[in-house]
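**Student:**
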Amino acid sequence: MSRPLVLIPARMSATRLPGKPLAEIGGLPMIVQVLHRAREADLGPVVVATDSQDVAEAVRAAGGTAQMTAAHHPSGSDRIHEAVTRLDPDGRHDLIVNVQGDLPLIAPRAIRAVLEVMDPLEVALGTLVAPITREEERTAASVVKMVGTEHAPGRFRCLYFTRATAPWGEGPLWHHIGLYAWRREALSRFVGLPPSPLEQREKLEQLRALEDGMRVDAAVVDDIPLGVDTPEDLARARALWEARA
């Protein structure tokens, strides 16, 4: 029996949208909206890992749990590793689900889907993909593509991630969604590795896992959740929220 722990990394010093965890969407801070979506997924305990007292206070005011972490972490993976080490030193939780703190509109069913790929035990890291339907996204470097082999309906073994248009030729392209399920030991191994050559070249952290030989599988979901990275993304997220409301 697996015992998942859901962690949401959040930092206030985002370059393109400073203070974004506390940006208001639907009358609540964005980090609280993400907290609600993660709770609705009903996978296990949900904790926000942050270096900001303001974020921690907003989470606790909403009835959530926050774990303070160091400010120097280069990535969300490093932040959640510190958090889980502090929260669960005895290793009771064997699966760690990393839900990005800038996905306020993500569907709870998408969060649940990431655990579907964690069987067999050889899978070190699970993630999500969705089909690319907009022509401009096929060539956009900002859209990360997954190249993989479908070994069961709606499930891929990932071979590569790239900002280029790949694979070449006729057929679907797959948009990678940066939500992860880690085996506990794989996460510890990952954060102990130096950045890998392809990771540095593509600016894609998940390539470090592939270059180290870890098995990465992906589940297909219906749509691509809006990640909020810029003021324009924030305006769009607010508009989408109002439309849904």
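Here the sequence shown is numbered in this note's numbering, starting from 2 and rising by one per residue. Where is the CB? At the ideal position from N, CA and C, for every residue including glycine.
(1) Which value, in whole angstroms, describes the spacing of the CA atoms of Ala57 and Glu171?
(2) Could you tell me the alpha carbon to alpha carbon distance between Pro196 and Ile32, rounded to whole angstroms?
(3) Apart from the five residues on each side of it in sequence, which residues of its chain come closer than 8 Å, Cβ to Cβ, to Leu23?
(4) Rounded to whole angstroms, how far is the Cβ of Ala42 from the Cβ of Ile9, which I believe are closer than 8 Å?
(5) Using the C-alpha atoms, what's the distance from Val49 back to Asp95?
(6) Whole angstroms is fine: what's the gap from Ala63's alpha carbon to Ala167's?
(7) Determine the direct distance from the alpha carbon of Ala219 to that of Leu88, and round the result to whole angstroms.
(8) Spatial neighbours of Leu36 within its chain, please: C-beta separation below 7 Å, excluding the five flanking residues on both sides.
(9) From Arg80 to Leu6, what distance separates their C-alpha atoms?
(10) So, at 6 Å on beta carbons, what are the nonlocal neighbours of Tyr161 in its own chain, with the 5 sequence-adjacent residues on each side left out?
(11) Drop a sphere of 10 angstroms on the beta-carbon of Ala240, count the other beta-carbons inside from all chains shown, and report buried for 16 or more, exposed for fewer.
(12) If you draw a straight line from the C-alpha of Arg158 to the C-alpha of His152, how long is it?
(13) Between the Cα of Gly127 and those of Pro232, Ile225, Gln207, Trp242, spot the shortest distance and give me the residue it belongs to.
(14) Just the Cα atoms here: how many angstroms apart are Pro90 and Glu136?
(15) Determine whether the beta carbon atoms of Ala182 and Val118 lie at a separation below 9 Å.
(16) Could you check how far apart the C-beta atoms of Ala131 and Val221 are, in whole angstroms? I think they sit under 8 Å.
(17) Hey, quick one: how far does the beta strand (DSSP E) through Val49 stretch, first residue to last?
**Tutor:** Reading it off the structure:
(1) 48 Å
(2) 28 Å
(3) Met13, Pro30, Met31, Ile32, Asp55, Val56, Ala59
(4) Incorrect: roughly 11 Å between the Cβ atoms, too far for contact.
(5) 18 Å
(6) 42 Å
(7) 27 Å
(8) Ile9, Val47, Val49, Val60, Ala63, Gly65
(9) 14 Å
(10) Val148
(11) exposed
(12) 7 Å
(13) Gln207
(14) 47 Å
(15) yes
(16) 7 Å
(17) 47-51
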